[in-house]
Amino acid sequence: MRLLFWALGFLLAGSTGSFAQAVQDHQYSTADIETGSRLYAAQCALCHGVTGDGVNGINLRLGQFRRVASDDDLARVLATGVAGAGMPAFKFQAAEVNGIIAFIRAGFDPTGTPVKVGTAAKGQALVDGKGRCLTCHRINGRGIRTAPDLSDIAAVRTPAAIQRSLLDPTSAMLPINRPVRAVTRQGRTIRGRRLNEDMFTVQLMDEEEQLVSLVKADLREYEVLKTSTMPSAAKTLSPEEIADVMAYLLTLKGQ
Amino acid sequence: MRRTVLVTALLAALGFQLQAQVPTDRILRAAAEPQNWLTYNGTYMSQRYSTLAQITPANVAQLESKWVVQNQVFGAWQSNPLVVDGVMYLTQRPNDVMAVDAKTGRLFWLYRYTPSADSKVCCGANNRGVAILGDTLYMGTLDGHLVAIDARSGRPIWNIEVGDVKLAYSITLAPLIIKDKVLVGVGGGEFGIRGFVVAYDAKTGKEAWRTYTIPGPGEPGHDSWEGDSWKTGGAPVWVTGSYDPALNLVYWGVGNPGPDWNPDQRAGDNLYSDSVIALDVDTGKLKWHFQFTPNDGYDYDSTQVPVLVDANWKGTPSKLMLWANRNGYFYVLDRTNGKFLAGTPYVKVNWSSGLDANGRPIPTPQPPGQPTWPGNQGGTNLYPPSYSPRTGLFYFSAWQDYATIYRKETTKFEPGKTFLGGGFTVLAPVPGAPTVGIGRRSPINNWTDEVGNGAVIAMDPQTMKPRWTTPQFDVTDAGMLTTASDILFTGGREGYFLALDANTGKVLWKTNLGGQIVMAPITYQVEGKQYVSVISGHTLVTFALRDGVK
């Protein structure tokens, strides 16, 4: 897993370095985030909740705070507590403080990266417009079905994974969603997004949004492609706009 | 009535007895009555090979479903049925026993045992089946009891405590009958038990012997456990063993040491965890052992079925034991003395760089955070293998390209509580992607073969190389059945029931039963017709050839 983290760091540094710098105060290691994950569960979750929204007006996972902005602010509140609000002062070691901050900044994803969250309303406009997301995706009944439906994306994927999907779609694509190319014995080519597969068959959403089931023995060619057809949002949107899109996507929790 | 009593007394005086259904000698010669399936693994050799040959590669496509029994309880159904003279004895979760007409699927009786609410098991309320001796069935229970049940009426005869449920002892395996004894082992390897195999007088339930799988103070091997770690070292026995009557030895695979993932808490080899042990049937005395994974930190239980094979080894007729281990290596042992004859990895292995001349693995533990192959569920597991004396091949289910990342931590032992020493995550191609679990997680395979895939491997012990491998898309927990017509019946998590050519691995026939197949199929014959039964999901389906098909 560490290997993947560093690989991701390299990708971010290479293709979207300015974005990575814009969202991070500090560089955190996977080990920091894992430490924080354990400490959070033991010391913080009782009041702040396992999803970070247990205290009114605060959503730690989404980076919404009442009193703090920077990492130093977070460290100070941990050390002093908030007397009027009932938060005690914690006597953490420096590495432990760093871990908790890393976990919060990673959007509670113990393996992930820090996430920047902007304004949801702006993000929705970008998804509908400039981002052209609905030309493939579908959200709450609007848009196309060829790419995965995003209506509950915040419920099924972590913020870090969503951000990664926006920046580097291929590296974050869930294996089940991989594009498939099949050629029947009669020579017909079928392309689509994989929905299910077993030893003998594969089920797809084809490019015409039709449900298709293929028997592998009837195919002349069958190929599962590793490259996503989605372009990186970093090519079309600014870091601030991506943060806005993130904010909107994080509101999508399904029915 | 009086006349009956008199006749019975007279017959008894003359040395006759009313014919019990399954006396010991029938079990000894189970291979000679392939119309029945008398023990968990078919015979004491545990080859799961049947001489029935009515169903052939030529007509297997004419199989049709004859009857179905629906499980009334949710959860993976790992039970292995017995068939005795047209009656099938079948268990379902947690501890129900059914007597079923093997021809129609109709029930004669249903016995329900309710285990204590204190029962604790790691991996589901499994029960893998009953054993039969005479007219009595024997079932181990989730709360660590052994129950004797009248095979005709389904009424309990006696019920004894084998292990303390409050200390998380459980029994999930099918008992093994040898001579006049019923043998069981205990589960609880995730709860800090001290494992054992125990033999009871089958008539009375009186304990005959008990052999711990972790040696006590003063016994050889005790010093393979640091300090008091032996007291809570696990080493459970939860899969039915095998028996060699000529050697008078019973063989058991022993499970993982505890805490599972922190070997630092129990420095030493941790005998006899992850070993096969050979016990004298009459005394329980340990005759030999072979340890597959010393000081295991990967949960590589050696609770596979010991498969006994009489075959040439380097030109000499030999008494062999074949073993595809959860740790990713396939072994050939001399079952007279436990000597290592050969071993080879059958999947990717990186926790060890190989085996030395004695079969001891050369450890290569991976750095923290790095993946270990094979992963926690192993290269294989409890799934019963098969050996066909016709093909000379050993067939088993393997998980290929499957790895986990282990995490160890110090765990304090508390009686009856989980005692794990860390945890693991399955290596996924993308962070947060769905992965495989102990059972099938959904009918939609959204984890895909990128986290690992199943395969049937046909290993040739003479060359130590697979003769063929038939991959599946999902991983598989299915067991194997071979027949004298060179058909291999198996399945997988995808729900396909498969008939493969035992010589080539080619799929001869398949049918989609929809639910995961997590046990081996069995075969039997009633009124001249060969049947094959398999459990898929919550359904046991019994197939036979369409009427009129030759």
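From first to last, the protein sequence lines stand for chains A and B.
Residues in the first sequence are numbered consecutively from 485, following this note's numbering.
Residues in the second sequence are numbered consecutively from 605, following this note's numbering.
We treat Cβ as the ideally placed atom computed from N, Cα and C, and that holds for glycine.
Beta-carbon proximity list for residue i, same chain, < 6 Å, skipping 5 on both sides
i: residue 639 of chain A; result: 737 and 738
i: residue 787 of chain B; result: 780 and 803
i: residue 654 of chain B; result: 638, 1087 and 1127
i: residue 690 of chain B; result: 706 and 1130
i: residue 507 of chain A; result: Residue confidence is low: residue 507 of chain A scores 40 on pLDDT, short of 50, so the model does not pin down where it sits. Its coordinate-derived value is still stated next. Contacts found: 598 and 600.
i: residue 1038 of chain B; result: 1050 and 1051
Element boundaries [beta strand (DSSP E), containing residue i]
i: residue 1108 of chain B; result: Residue 1108 of chain B -> no beta strand (DSSP E), and no H or E assigned at all.
i: residue 702 of chain B; result: 700-705
i: residue 712 of chain B; result: 711-716
i: residue 723 of chain A; result: Here residue 723 of chain A belongs to no beta strand (DSSP E); instead the alpha helix (DSSP H) covers 723-733.
i: residue 670 of chain B; result: 667-674
i: residue 1012 of chain B; result: 1008-1012
i: residue 1149 of chain B; result: 1143-1149
i: residue 676 of chain A; result: 673-681
i: residue 794 of chain B; result: Careful: residue 794 of chain B lies outside any beta strand (DSSP E) and carries neither H nor E.
Delimiting residues of the alpha helix (DSSP H) encompassing residue i
i: residue 654 of chain A; result: 653-656
i: residue 1029 of chain B; result: Note, residue 1029 of chain B: premise wrong, no alpha helix (DSSP H); beta strand (DSSP E) at 1026-1030.
i: residue 521 of chain A; result: 514-523
i: residue 580 of chain A; result: 578-589
i: residue 630 of chain B; result: 628-632
i: residue 738 of chain B; result: Looking at the DSSP string, residue 738 of chain B is not in any alpha helix (DSSP H), and its letter there is neither H nor E.
i: residue 923 of chain B; result: No alpha helix (DSSP H) contains residue 923 of chain B, which is instead part of the beta strand (DSSP E) from 920-928.
i: residue 664 of chain A; result: Taken as a continuous stretch (DSSP letters only), residue 664 of chain A belongs to no alpha helix (DSSP H), being part of the beta strand (DSSP E) at 663-668.
i: residue 717 of chain A; result: 717-720
i: residue 607 of chain A; result: 604-612
Chain A within 8 Å of residue i, Cβ atoms only
i: residue 1059 of chain B; result: no
i: residue 901 of chain B; result: no
i: residue 1052 of chain B; result: yes
i: residue 1079 of chain B; result: no
i: residue 781 of chain B; result: no
i: residue 1048 of chain B; result: yes
i: residue 1037 of chain B; result: yes
i: residue 1043 of chain B; result: no
i: residue 1034 of chain B; result: yes
i: residue 1100 of chain B; result: yes
Cβ shell of residue i (< 7 Å), same chain only, five flanking positions each side left out
i: residue 1044 of chain B; result: 1097 and 1120
i: residue 626 of chain B; result: 642, 688, 736, 737 and 738
i: residue 591 of chain A; result: 545, 599, 642, 643 and 644
i: residue 1134 of chain B; result: 656, 658, 659, 1127 and 1148
i: residue 891 of chain B; result: 853, 882, 883 and 884
i: residue 543 of chain A; result: 536 and 537
i: residue 1080 of chain B; result: 1001, 1058, 1096 and 1097
is_contact[residue i, chain B] using C-beta, thresh 8 Å
i: residue 530 of chain A; result: no
i: residue 564 of chain A; result: no
i: residue 681 of chain A; result: yes
i: residue 660 of chain A; result: yes
i: residue 642 of chain A; result: yes
i: residue 645 of chain A; result: yes
i: residue 714 of chain A; result: no
i: residue 571 of chain A; result: no
i: residue 579 of chain A; result: no
i: residue 730 of chain A; result: no
Chain-order list of residues whose beta-carbon lies under 8 Å from that of residue i (same chain, five-residue window excluded)
i: residue 1090 of chain B; result: 661, 992, 994, 995, 1105, 1106 and 1107
i: residue 753 of chain B; result: 701, 715, 734, 740, 741, 742, 743, 759, 760 and 761
i: residue 667 of chain B; result: 659, 1103, 1113, 1115, 1136, 1147, 1148, 1149 and 1150
i: residue 745 of chain A; result: Absent from the structure is residue 745 of chain A, since the part of chain A shown begins at 485 and ends at 739.
Proximity test, Cβ basis, 8 Å: residue i and chain E
i: residue 1004 of chain B; result: You won't find chain E in this structure, because its protein chains are A and B.
Contact test: residue i Cβ vs the ligand MG heavy atom, cutoff 7 Å
i: residue 1031 of chain B; result: Ligands in the displayed structure: none, and consequently the ligand MG is not present.
> Unbroken alpha helix (DSSP H) runs of length 4 or more, entirely within the segment 528-562 of chain A: which are they?
Replying inline: 529-532
> Whole beta strand (DSSP E) runs in the segment 933-971 of chain B with 3 or more residues, listed along the chain?
Replying inline: 933-938, 943-949, 956-959 and 965-967
> Are three or more beta carbon pairs between the segment 838-858 of chain B and the segment 997-1017 of chain B nearer than 8 Å?
Replying inline: no
> Hey, which unbroken runs of the beta strand (DSSP E) at 3 residues or more fall wholly within the segment 837-897 of chain B?
Replying inline: 846-848, 853-857, 879-884 and 890-895
>> Check whether the segment 937-947 of chain B and the segment 966-977 of chain B touch, using three or more Cβ-Cβ pairs below 8 Å as the test.
In response: no
> Which runs of the beta strand (DSSP E), 3 residues or longer, sit entirely within the segment 1075-1137 of chain B?
Replying inline: 1085-1087, 1091-1094, 1100-1105, 1111-1116 and 1126-1130
>> Can you confirm whether the segment 719-732 of chain A touches the segment 611-623 of chain A when touching is taken to mean that 3 or more C-beta pairs between the two stretches lie within less than 8 Å?
In response: yes
> Enumerated in chain order, which unbroken segments of the alpha helix (DSSP H) with a length of 4 residues or greater are wholly contained in the segment 739-773 of chain B?
Replying inline: none
>> Taking contact to mean 3 or more Cβ pairs, one atom from each stretch, closer than 8 Å, check whether the segment 1011-1027 of chain B and the segment 865-873 of chain B are in contact.
In response: yes
> In the segment 630-655 of chain A, which residue ranges form an unbroken alpha helix (DSSP H) of at least 4 residues, counting only runs that do not cross its ends?
Replying inline: 637-640 and 643-651
> Mind pulling the beta strand (DSSP E) runs of 3 or more residues that sit fully within the segment 802-829 of chain B?
Replying inline: 811-816
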